[in-house]
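**Q**
There are 2 protein chains.
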Amino acid sequence: MSRAVVLLSGGLDSATCLSLAIRDGYDVYPLSFDYGQRHKKELLSAKKIVEYYEIKQHKIIQTGNVGGSALTDMDIEVPEYKGLPSIPITYVPARNLIFLSYAVGYAETIDASVIYIGVNAVDYSGYPDCRPEFIEAFEKVIKVGTKGGVNGKPIEILTPLVNLSKAEIIKLACEINAPIHLTTSCYKGDEKACGICDSCSLRLKGFEEAGIVDTVEYIKKGKD
Amino acid sequence: MSRAVVLLSGGLDSATCLSLAIRDGYDVYPLSFDYGQRHKKELLSAKKIVEYYEIKQHKIIQTGNVGGSALTDMDIEVPEYKGLPSIPITYVPARNLIFLSYAVGYAETIDASVIYIGVNAVDYSGYPDCRPEFIEAFEKVIKVGTKGGVNGKPIEILTPLVNLSKAEIIKLACEINAPIHLTTSCYKGDEKACGICDSCSLRLKGFEEAGIVDTVEYIKKGKD
Chain A
0 MSRAVVLLSG
10 GLDSATCLSL
20 AIRDGYDVYP
30 LSFDYGQRHK
40 KELLSAKKIV
50 EYYEIKQHKI
60 IQTGNVGGSA
70 LTDMDIEVPE
80 YKGLPSIPIT
90 YVPARNLIFL
100 SYAVGYAETI
110 DASVIYIGVN
120 AVDYSGYPDC
130 RPEFIEAFEK
140 VIKVGTKGGV
150 NGKPIEILTP
160 LVNLSKAEII
170 KLACEINAPI
180 HLTTSCYKGD
190 EKACGICDSC
200 SLRLKGFEEA
210 GIVDTVEYIK
220 KGKD
Chain B
0 MSRAVVLLSG
10 GLDSATCLSL
20 AIRDGYDVYP
30 LSFDYGQRHK
40 KELLSAKKIV
50 EYYEIKQHKI
60 IQTGNVGGSA
70 LTDMDIEVPE
80 YKGLPSIPIT
90 YVPARNLIFL
100 SYAVGYAETI
110 DASVIYIGVN
120 AVDYSGYPDC
130 RPEFIEAFEK
140 VIKVGTKGGV
150 NGKPIEILTP
160 LVNLSKAEII
170 KLACEINAPI
180 HLTTSCYKGD
190 EKACGICDSC
200 SLRLKGFEEA
210 GIVDTVEYIK
220 KGKD
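Top line first, the protein sequences correspond to chains A and B.
Everything in the first sequence is counted per numbering that gives the first Met the number 0, starting at 0 for the first residue and increasing by one.
Everything in the second sequence is counted per numbering that gives the first Met the number 0, starting at 0 for the first residue and increasing by one.
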């Protein structure tokens with residue numbers, strides 16, 4: 000049974016990735032980070048998802064962060080969703096790069112052949128490190144910069160959600176019974192989701208388009 | 000004055016890089032890691048080097064490690080130097096990849112234009128992530144996966160030591176008055192350097208070839 004490291008934030012996309020990896024027959028090793036994110040609700044969701052699947056191994060890496068984002072600095076306010084084309088203040092510098100780098104190290108250590116990451120370049124917040132170009136460039140780094148890569152067995156990065164819309168991801172998640180009722184998407188991380196940040200807005204729009212009811216609790220759904 | 004993030008382990012090569020960055024007129028931001036390495040002597044050296052230059056900012060990122068190396072797992076023994084062509088057990092999976100990823104995030108946050116890293120592909124331990132191919136592939140990741148890269152101002156990785164022999168690095172360090180008397184190279188990290196691990200062996204050979212006396216204390220110099 001091949002091993003897969005699955006980057007698990009606790010959000011909708013990463014939970015769907017974990018379910019896909021299990022469906023695809025991998026022995027899964029979820030990997031989460033406690034990186035000074037604004038709230039720990041996401042991490043708690045990750046733990047609940049791991050429990051749901053009765054997975055024994057869940058690596059949580061405690062790590063310092065480099066600041067500079069509304070998701071990590073408490074003195075930068077989380078903005079409302081505006082759908083602007085620029086890179087927003089919720090962008091965490093090099094976050095996926097750091098997470099994938101750890102995943103590579105972990106995969107090498109436990110001899111996993113693939114890494115699942117739930118990046119998505121359709122209904123996303125405009126972060127440059129969610130795009131296929133980034134993943135391709137990163138795979139080249141694995142080929143030349145790791146033991147397995149140099150020896151001809153590079154770890155592969157799997158991005159099964161990259162070309163799906165949020166509605167398509169939600170439909171897929173329901174088909175494979177991913178525990179999306181346990182996920183957290185809201186950037187604010189209060190008990191109930193705010194319903195107005197980028198992440199809530201994309202999630203709500205996705206559920207609406209998919210014609211599926213989101214069972215997560217919201218303070219309000221959208222700006223109205 | 001442009002800012003430079005300098006990866007500073009506390010060893011000979013990174014100390015030389017820091018001195019080069021200062022000589023080149025950068026406002027330097029040393030970045031070190033407390034990653035569960037076998038010993039903290041290296042980190043102590045990094046702190047002494049920062050004090051030596053009276054640098055105010057020294058970011059030390061506390062971070063979990065992924066295991067799988069003699070440099071981080073206390074139950075894997077540090078081997079004696081044998082000069083074998085294979086990748087040794089002291090290889091830490093994805094270490095430079097993780098360090099550079101953080102450096103990119105930090106550089107984006109503080110608006111630094113370059114990152115100095117003291118990788119060397121001549122007198123080195125055979126780690127794949129010390130080679131120019133790795134650095135080139137990583138620069139491509141920066142171009143497509145970061146805010147600055149996407150906006151046309153990618154952070155540059157500077158590797159001034161990559162093609163120098165250890166003897167040449169030592170000569171250069173002396174020319175620019177790098178505080179190499181404060182550095183730690185030994186993998187074991189006891190009070191005195193062991194003199195027989197890969198890192199000590201390469202260092203001792205370098206000093207001998209350079210015709211310079213290493214003022215660091217050793218238990219014994221070489222296997223004799």
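Ideal Cβ positions, reconstructed from N, Cα and C, are used throughout, including at glycine.
Am I right that A/D12 and A/I168 are in contact with their C-beta atoms under 8 Å? What's the rounded C-beta distance?
**A** If you number the first sequence from 1, residue 12 of chain A lands on position 13. If you number the first sequence from 1, residue 168 of chain A lands on position 169. The pair is a contact, with the Cβ atoms about 6 Å apart (cut-off 8 Å).
**Q** Just to confirm my understanding: we take A/Q61, look at its own chain, exclude 5 residues before and 5 after, and list those with CB closer than 6 Å. What are they?
**A** For this step, residue 61 of chain A is matched to residue 62 along the first sequence. Answer for A/Q61: D33, listed in chain order.
**Q** Quick test of the definition: if touching needs 3 or more C-beta pairs under 8 Å, does the segment 41-48 of chain B touch the segment 90-108 of chain B?
**A** No, because fewer than three Cβ pairs between the segment 41-48 of chain B and the segment 90-108 of chain B fall closer than 8 Å, the two stretches do not touch.
**Q** Please report how far the alpha carbon of A/L19 lies from the alpha carbon of B/K142, in whole angstroms.
**A** Position 20 of the first sequence, counting from 1, holds the residue named residue 19 of chain A. Position 143 of the second sequence, counting from 1, holds the residue named residue 142 of chain B. If you take the alpha carbons of A/L19 and B/K142, they lie about 30 Å apart.
**Q** Short of 6 Å in beta carbon distance, which residues of its chain neighbour B/R202, apart from the five on each side in sequence? Order them along the chain.
**A** Here residue 202 of chain B is taken as the residue at index 203 of the second sequence, counted from 1. Counting only Cβ-Cβ distances below 6 Å, and skipping sequence neighbours, we find S184.
**Q** Give a yes or no on whether the minimum CB-CB distance between A/P127 and chain B is below 8 Å.
**A** To locate residue 127 of chain A, count along the first sequence from 1; it is residue 128. With 8 Å as the cut-off, A/P127 counts as an interface residue toward chain B.
**Q** Within 8 Å of any Cβ in chain B, is that where the Cβ of A/Y115 sits?
**A** The sequence position of residue 115 of chain A within the first sequence is 116, counting from 1. Taking Cβ atoms only, chain B never reaches closer than 8 Å to A/Y115, which makes this a no.
**Q** Could you name each continuous alpha helix (DSSP H) segment of 4 residues or more that falls completely within the segment 81-148 of chain A, going from the start of the chain to the end?
**A** Fully enclosed alpha helix (DSSP H) runs of 4 or longer: 94-109 and 131-144.
**Q** Can you tell me which of B/I218, B/V212 and B/K170 puts its alpha carbon nearest to the alpha carbon of B/K191?
**A** Within the second sequence, residue 191 of chain B is the residue found at index 192, counting from 1. Nearest of B/I218, B/V212 and B/K170 to B/K191, Cα basis: B/I218.
**Q** Taking CB distances under 8 Å as the criterion, tell me whether A/S31 reaches chain B.
**A** Reading the first sequence from its first residue, position 32 is the one you call residue 31 of chain A. Cβ-Cβ to chain B under 8 Å: no for A/S31.
**Q** Only counting runs of 4 or more residues, tell me where the alpha helix (DSSP H) segments fall wholly within the segment 165-196 of chain A, in order along the chain.
**A** With a minimum length of 4 residues, the continuous alpha helix (DSSP H) runs that stay inside the segment 165-196 of chain A are 165-174.
**Q** So, do the segment 196-210 of chain A and the segment 157-171 of chain A have three or more beta carbon pairs nearer to each other than 8 Å?
**A** Short answer: they touch.
**Q** Is B/A69 close to chain A, meaning its C-beta is less than 8 Å from at least one C-beta of that chain?
**A** By 1-based counting over the second sequence, the position of residue 69 of chain B is 70. Legend: pLDDT at B/A69 = 49, less than 50; position of this residue unreliable, value from coordinates given subsequently. With 8 Å as the cut-off, B/A69 does not count as an interface residue toward chain A.
**Q** Considering A/E155, what are the terminal residues of the beta strand (DSSP E) in which it resides?
**A** Translated into positions along the first sequence, residue 155 of chain A becomes position 156. Looking at the DSSP string, the run of the beta strand (DSSP E) that includes A/E155 is E155 to L157.
**Q** Any idea what DSSP makes of A/Y51, helix, strand or coil?
**A** Position 52 of the first sequence, counted from the start, is the residue given in the question as residue 51 of chain A. DSSP places A/Y51 in helix when its eight states are reduced to three.
**Q** Pick from B/I97, B/P178 and B/G144: whose alpha carbon is nearest that of B/L30?
**A** Numbered from its first residue, the second sequence carries residue 30 of chain B at position 31. The shortest Cα separation from B/L30 among B/I97, B/P178 and B/G144 belongs to B/I97.
**Q** Since A/V4 sits in a beta bridge, which residues does DSSP pair it with?
**A** Locating residue 4 of chain A in the first sequence gives position 5, counting from the first residue. A/Y28 and A/I114, per the DSSP bridge assignment.
**Q** Please compile the residues from chain E whose C-beta is within a distance smaller than 8 Å of the C-beta of A/L96.
**A** Of the chains in the structure shown, none is chain E; the protein chains are A and B.
**Q** Can you say whether A/D234 is buried or exposed, counting buried as having 16 or more other CB atoms within 10 angstroms of its CB?
**A** As displayed, chain A neither begins before 0 nor continues past 223, which places residue 234 of chain A out of reach and without an answer.
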